[in-house]
Structure formats: structure tokens, C-alpha cells
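Trainee: A single structure is presented below for examination.
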Amino acid sequence: MKEIVVLSGKGGTGKTSLTASFALLAGSSAVVADCDVDASDMHLLLAPVAEREEMFYSGKEAVIDNEACISCNRCLEVCHFDAVETDGTLYEINSVNCEGCSYCERVCPVDAITMKPSLAGDWYVSKIRSGARMVHARLGIGAENSGKLVARVKNEAKDIASKDSKALVLVDGSPGIGCPVVSSLSGANYIVIVTEPTISGLHDLKRLRELIVKFRLPSGCIINKADLNSGYTDEIQKYLKHEKMDMLGTLPYDEKITSAMVQGKSILEEPYSDSETAGIIREIWQNIQFKLGLDGE
Amino acid sequence: MKIVFTAKGTTWEDAMDPRFGRADYLLVFDEESKELSVVDNREQSQQEHGAGPRTAQKVIDVKPDIVITGNGPGGNASRALEAATLDMYVGAGEMSIKEAYDAFKAGKLDKA
Amino acid sequence: MKKPMKIAIASGKGGTGKTTLSTNLSALWAERRQVTLLDLDVEEPNSGLFLNGTLVKQETIEKFIPVWNPDPCRLCGKCQEVCEFNAVMKLGTEIMVFPELCHGCYACSDLCPNSALPMAARPMGELIHYRMGKLDFIEGRLAVGEEQAVPAIKRVKEYQKQELPDSELIIMDSPPGTSCPVIEAVKDVNFVILITEPTPFGLHDLKLAVETTRGLGKEMGIVINRDGIGDDGVERYCSDEGLRIVARIPQDRGMAKTYSAGKLIYLSHPVMKEELSRLIDFLEAL
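Protein chains in written order, with this note's numbering: chain A, 23 to 319; chain B, -8 to 103; chain C, 9 to 294.
So this is what it looks like as C-alpha cells:
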């Protein structure tokens, strides 16, 4: 079973649209994991029908019982996150600021504080248009995106792949380089980075590359909207060569991708499936499969 | 020698778990007494960060000489394991426990 | 002293133009008056790519984590007991701290009966302050491998309060999404600009961003970037929800090319300059 994680560093490069296209090409031989849990969009193209829904708890949050409280202010003194709010009489925990460290609970002399599990979001197992299963999630507003929900989505996808003997887990990762990205990298066999030929695209690609090197994972890059700035396309290709990263392909800026999205489709589908861009995406996917020994399965 | 395997099940025929921190079970084999015992580690799959060090702690408490696993521990777990003097062998991720043991004895696994 | 005007530029979806808007808006506005721009997208801070100025100050951003002192330690394990994040563990005969997991709550340090875990500073990123004309630009940059953005965001905001206390206008380029780094970036502002693209992804993520912003009780305005590329879903949503559209930036390949090269768009594209001037007038009147 192989695991491919698609990342971008910078947002807006087309990562999710491309991952959805790959998911459709992989068909039922793959299990899809949408790990871009803070504002996940892949479901808009894959039309999942939920088979299972679970609540997701992550960490704790403090709750103060004002009946028991004696206004000693110990909780206020020890909290490093400005989570205790008071008007002098009533004490309240600001749940957005509370990190769930339990320090206040430990020091309250009258046990007026309890820690309760913090509901961080929901996750789902669904069937998508290709016949494959997709695991996806919704992180709650203001929730801590610590990577735990990402880990849960990925682990569920891997378990399903294992049980159903699927050859591939395809992961849509998050933008950035923080916890959720680190969480989506663990256990990956190959990283696909989608970038764009802009100063920001290259800057973020380099930072992402630094992170991937720490994990010693092979990676390749797709340059999307490559015709926007040929100077940067060249520079990125030079960078990839220097870093010994695979050059997976370049895609032109194509409005059809957006037109297809508006219709809830990928560019691989009618009426765009014969377009040049669709053809290139298919080639790139073949390329990726070949690198992982997944072709001929 | 005492050997710990990261495992998906509780018997010799079960599969190795390629992961360290979130491995389902830790199987402990004492070569002298020929006893095979099990440490249930499944709660770690529910953990946020820190699964690696927690599992490392369980491993250290068992006081093994050797740990056999698949991919090897991540950064935090590696550091945690440095606190103990033991050797780790990797590459057994796709084997059964029995196969992993045989491979180790035959010198076929890489030392981490 | 007049209270400063604080404006956050945020979005649900990444890549909708937060940095484009924050850099162009700040630079144009700074032609009229002093502006402070904070780049709080500390995982991928990009504003600096578009702004060239003289360096005012550069400093390390630190977080405080416990450091084990073996001498007074009795290996009682209380530290591990009180740590909710698995960041402190008793392993054999040593206490190990895992800095990436530590949230800096001080519990283990304060509650250790033998004071064997004093807190010490540890680098986690960089803060850089540039000035160009009347624009003060401060960037927070998380070190690669560090996982928690919030402490870095807090430090940049704190720096502004300490070093530029008289600044009357502060613009914050926030990270994408709706999770806690965004909340940290946006929670103290007077006005939130949400920028999106007129597509299904843009609409879906805008709704999440609107929910977040409403949850914080903030006044907001919507900017539609790359206007013309998708459908009218965003327009209709804004109309239905009574949300003000405060600017529209058209899709333009020429502008995209200028952006790709790291240049400020308004300097060579009058349409952008006009639209942003109108936006500035609107914001000044708030």
C-alpha cells in the first residue's frame, strides 16, 4: 500500500483541484483522505455521500463553577494564555484562548474548575463519485489545528485501505508548514508539491522543501499556471534539479479548471475531458504512478 | 535477550506494525524464558502529539535489549529512546512477527 | 492619545489575495500617512517579497520551555503527571522535555517540588522590522520545523505595541483558514476584510471565515479578487447575508504577471490604484 501526500506550501496553487483529478483517475483502487481540515474543499468536486460520521475531541478546556468559586484569583495568576476573565465577582473561561493545560484546575483551592473534553470538529467516511471511499473532516471554528484531526483522518484512510486491500492512499494535505502538514507527512511514500511560477510560490516551495528534507521523503513538483511567468518556471525547474526533486510536469493556466469547478466537476470530465490540460494531468498521474510502481495494478 | 516488536496483533503469526509511536501492540519476547507477552498500545492512536515518547516510555519500562520495527521512530521517540541503551532494527514493516524475528536472527534487518 | 485603527485582512481559503491586498493597500495608504503592516502569516510570510525597505530591527522570537536540572531532581515524576501535552517525560533516570510539544503553560516548572525545571528561552522564529517611507513593515517568520504559530503571532503584535506605540493605523496580514492562528491574528482588530475569489471553493471557505468573524463580534467587509473568473455565488451570498462588498479587483493576466514578479500592482495598474483608493476612503470614514 502506498501513500501519496499532495502539498503546496502556498495556498491557491491548485492543489485541491489537482488532487481531486488524481482521485478520479485512481478510481476505486485508492482511498482518499482530505487532510486539509481547516477549510476543506475537495468534497465540492467529489460529491461524497457520508456513510459514517464521528465527533472529534482534541484536548481539554477548563470550566469554572461560580457557585463554588471563592474569587481567590489563583486561576487568573497561573494562566499564561489570558483565558480567565472576570468582573471581580464572576469568573469565566475564554474558550478560544484556553489551551487546556489544566494548570488552573490543579491549583484551585476549592475544586471549582473542571476540565472537559474539547469538541474540535467532525470527521466522515464517505463514498465518492469514483466509487472510492474518502475520509474527510471539518475542523470547528477557532479550534486548535494541532494535527491530531489530520492524523485521525489519515489513520482511518489507511485502515480502510488495509481492510479493503487498496493499493493507494491519496492525501490532500494542508497549506503551510505547521503541525497539520507535519502530521500529514508521517508515513508518506511520496510527496507531490503543487506550486506556481511566482515569487511567493518559489519562496514557499523552498520552505516546504526544508521541512520535507527533515523527513527524508522523496518528492516531486508540478508547476501550475506555468505560462504565467516563464522566468519563474525556469527558476523553479533549476531549483528542483538542484534539490534532486522530480519534475512531474507543468500545466498552463486554464480557465476551464474554474469553469469545471463551478459545475462541481474536475477538468477531466465532460465537456473538458479532451482539453490539452486534461491530457497533461493524465500524463502527470501516469508519471507519478510509475514512480511508485503503482501502474499495472 | 529481550526483544520488543511493534505489532498489529498479539501472536507470532500476526503482522508487524510498521509504525512506532502509534503501533497497536508491543510484543515482548524473552529468549531465555521463551515467553511472549503483550503490551496494549492502542490508546496511542488516539493521541495528539507525544505518541512517540509515550510509546518509548512503555518500551523503556520493559527494559528490552532490542526493538524491532518497520519505519523506525520519529524525531521525538528517537530522542526518548536515547535515554535507554537498546538497539533498534528497522525494515520489518511488511513481515509477520515470526518472519521479523527470523530476519533479525539471520542478520537481514538494518540497525537504525 | 488616539486609539489606533486595526484592520485584519483574512480569508478562509488560501491563495485568494491576502498578501496582494495587504501589501498594495498598505503601500498606497502610506503615501498619505503612517501605516504599520504586520505579516502574521508566520508559516509562509510573503509580504516582504513585495516591499523593499531599510532594516530597522531584527530579533529572534523565543518561546519559554522548561529545561531539566538534574541536581535538585528527585525523579518524582510530578512534571510528567501535570503535563497535558506529553512534552515532559520521565524516561528511566532522566527527565526529557520535548520542545515542539510544549505549550509553555509553566505548570511543570511551577509545580515541581524541587524547582528542577526552570523555564528558559528557546528560539522559534524571527521578527524583522523594515521601514519604507511612512510604511513600517514587521514580519514574523516561524522557523521551519516549529509547529506552533500562535506564540510567534503574539510576539509580532507585542513588538508593535512596544516599538511603535504611536502608530494610528495597523494592518494585519493574517494566515489563511479559521483555526487558532487566525483567531490570534484577528481577535484585537476593529475591522476585518475578508478577501475571496468568486468560485465554489472561494464561497465555501468565505462562509467559514464569515462564521469565524461573526463569532468574534467583528465588523467586516468583503473584497472579491479575480472578479469575473467563476460565478456569482459569492455576490449572491453577500447580498443574502447583508455583507458589504468593499472592493472588487478584476481578473487580469497583466496584474497576475506583475504580482508573479514580486512587484506592487497599483504602481503600474491604474484600475488597482483607483479601487484601493476608494477602499482607503471607505476605511478612513469608519
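Idealized CB from N, CA, C, for every residue including glycine.
Say yes only if the C-beta of Gly36/A is nearer than 7 angstroms to one or more non-hydrogen atoms of the ligand GTP, and no if none qualify.
Mentor: The ligand GTP is not among the ligands present in this structure, which contains no ligands whatsoever.
Trainee: Does the CB of Gly65/B have a neighbour CB from chain A at under 8 angstroms?
Mentor: So yes, Gly65/B belongs to the interface.
Trainee: On the three-state DSSP scale, how would you describe Val90/C?
Mentor: Val90/C falls in the helix class under three-state DSSP.
Trainee: Would you mind telling me which residues of chain B sit closer than 7 angstroms to Ser208/A, beta carbon to beta carbon, in chain order?
Mentor: Within chain B, the residues near Ser208/A are Gly65.
Trainee: Nearest to Ile203/C by alpha carbon, out of Leu57/C, Asp260/C, Val197/C and Pro183/C?
Mentor: Among Leu57/C, Asp260/C, Val197/C and Pro183/C, the Cα nearest to that of Ile203/C belongs to Pro183/C.
Trainee: What would DSSP say about Lys266/A, mapped onto helix, strand or coil?
Mentor: Lys266/A: coil per DSSP, three-state reduction.
Trainee: Can you find a CB in chain B that lies within less than 8 angstroms of the CB of Asn211/A?
Mentor: Answer no: the Cβ-Cβ gap between Asn211/A and chain B never drops below 8 angstroms.
Trainee: Are the CB atoms of Ala14/B and Thr1/B nearer to each other than 8 angstroms?
Mentor: It is not a contact, given that the beta carbons lie outside the stated cut-off.
Trainee: Given this structure, state the Cα-to-Cα distance separating Pro139/A from Val71/A, to the nearest angstrom.
Mentor: Distance between the alpha carbons of Pro139/A and Val71/A is about 28 angstroms.
Trainee: Quick one: which residues of the stretch 51 to 62 of chain B get their C-beta closer than 8 angstroms to a C-beta of chain C? List them in chain order.
Mentor: Listed in sequence order: Ile51.
Trainee: Does any residue of chain B bring its CB to less than 8 angstroms from the CB of Asn177/A?
Mentor: Yes - at least one Cβ of chain B is within 8 angstroms of the one on Asn177/A.
Trainee: By DSSP's criteria, Phe11/B is part of a beta bridge. Which residues make up the other side?
Mentor: Partner(s): none; Phe11/B has no beta bridge.
Trainee: When the Cα atoms are used, what is the spatial distance from Ile103/C to Ile135/A?
Mentor: Going from the Cα of Ile103/C to the Cα of Ile135/A covers about 29 angstroms.
Trainee: How would you call Val106/A, buried or exposed, if buried means at least 16 neighbouring beta carbons within 10 angstroms?
Mentor: Result: buried.
Trainee: Can you tell me which of the three DSSP states Trp145/A falls into?
Mentor: It is a strand residue.
Trainee: Can you tell which of Val29/B, Ile59/B and Val53/B has the C-alpha that lies nearest to the C-alpha of Glu90/B?
Mentor: Among Val29/B, Ile59/B and Val53/B, the Cα nearest to that of Glu90/B is on Ile59/B.
Trainee: With Ile191/C as the anchor, note down where its alpha helix (DSSP H) starts and where it stops.
Mentor: Unbroken alpha helix (DSSP H) run through Ile191/C: Cys188 to Val194.
Trainee: Could you pull the DSSP bridge partners for Phe78/A from this structure?
Mentor: Gly143/A, per the DSSP bridge assignment.
Trainee: Kindly confirm or deny that the stretch 153 to 170 of chain A and the stretch 44 to 53 of chain A touch, where touching means at least three C-beta pairs closer than 8 angstroms.
Mentor: Segments in contact, yes.
Trainee: Could you compute how far the alpha carbon of Asp181/C sits from the alpha carbon of Lys281/C?
Mentor: The alpha-carbon atoms of Asp181/C and Lys281/C are separated by roughly 19 angstroms.
Trainee: Measuring CB to CB, does Thr(-5)/B end up less than 8 angstroms from Val29/B?
Mentor: The displayed chain sequence assigns Val, not Thr, to residue -5/B. Taking 8 angstroms as the Cβ cut-off, Val(-5)/B and Val29/B do not qualify as a contacting pair.
Trainee: Mind checking whether Cys110/C and Ile73/C have CB atoms under 8 angstroms apart?
Mentor: Result yes, Cβ atoms of Cys110/C and Ile73/C sit closer than 8 angstroms.
Trainee: Give a yes or no on whether 8 angstroms exceeds the smallest Cβ distance from Arg10/B to chain C.
Mentor: So no, Arg10/B is outside the interface.
Trainee: If Ser196/A sits next to Asp60/A, beta carbons under 8 angstroms apart, how far is it from one beta carbon to the other, in whole angstroms?
Mentor: Contact holds; Cβ gap of about 7 angstroms.
Trainee: By DSSP, does Met23/A sit in helix, in strand, or in coil?
Mentor: Met23/A falls in the coil class under three-state DSSP.
Trainee: Helix, strand or coil: how does DSSP classify Arg347/A here?
Mentor: No information on residue 347/A is available, as it lies outside the stretch 23 to 319 that chain A covers here.
Trainee: Grab the span of the alpha helix (DSSP H) containing Asp181/A for me, first residue to last.
Mentor: First-last of the alpha helix (DSSP H) with Asp181/A: Lys170 to Lys185.
Trainee: Which residues does DSSP pair with His137/C in a beta bridge?
Mentor: Its beta-bridge partners are Lys65/C and Ile146/C.
Trainee: Could you tell me whether the stretch 251 to 261 of chain A touches the stretch 210 to 222 of chain C, where touching means 3 or more Cβ pairs closer than 8 angstroms?
Mentor: No: the two stretches stay apart, fewer than three of their Cβ pairs being nearer than 8 angstroms.
Trainee: Starting from the C-beta of Ala264/C, find all residues in its chain whose C-beta is less than 8 angstroms away, skip the five residues before and the five after it, and write them out in chain order.
Mentor: If we look at Ala264/C and ignore the five residues flanking it on each side, it has no Cβ neighbours.
Trainee: Using the Cα positions of Met283/A and Gln88/C, report the straight-line distance between them to the nearest angstrom.
Mentor: So the alpha carbons of these two residues sit roughly 50 angstroms apart.
Trainee: Of all the options Lys96/B, Glu85/B and Ala103/B, which has the alpha carbon lying nearest to the alpha carbon of Lys(-1)/B?
Mentor: The residue with the shortest Cα to Cα distance from Lys(-1)/B is Glu85/B.
Trainee: Let me confirm a value: Glu51/C is counted as buried when at least 16 other C-beta atoms fall within 10 Å, else exposed. Which label applies?
Mentor: Glu51/C should be labelled buried.
Trainee: Could one say the Cβ of Gly82/B lies closer than 8 angstroms to chain C's Cβ atoms, at least one of them?
Mentor: For Gly82/B, the answer is no, since every Cβ of chain C falls outside 8 angstroms of its Cβ.
Trainee: With which residues is Asp194/A paired in a DSSP beta bridge?
Mentor: In the DSSP output, where bridge partners are listed per residue, Asp194/A has Val28/A and Asp56/A.
Trainee: Pull up the DSSP beta-bridge partners for Leu99/C, would you.
Mentor: Bridge partners of Leu99/C: Glu102/C.
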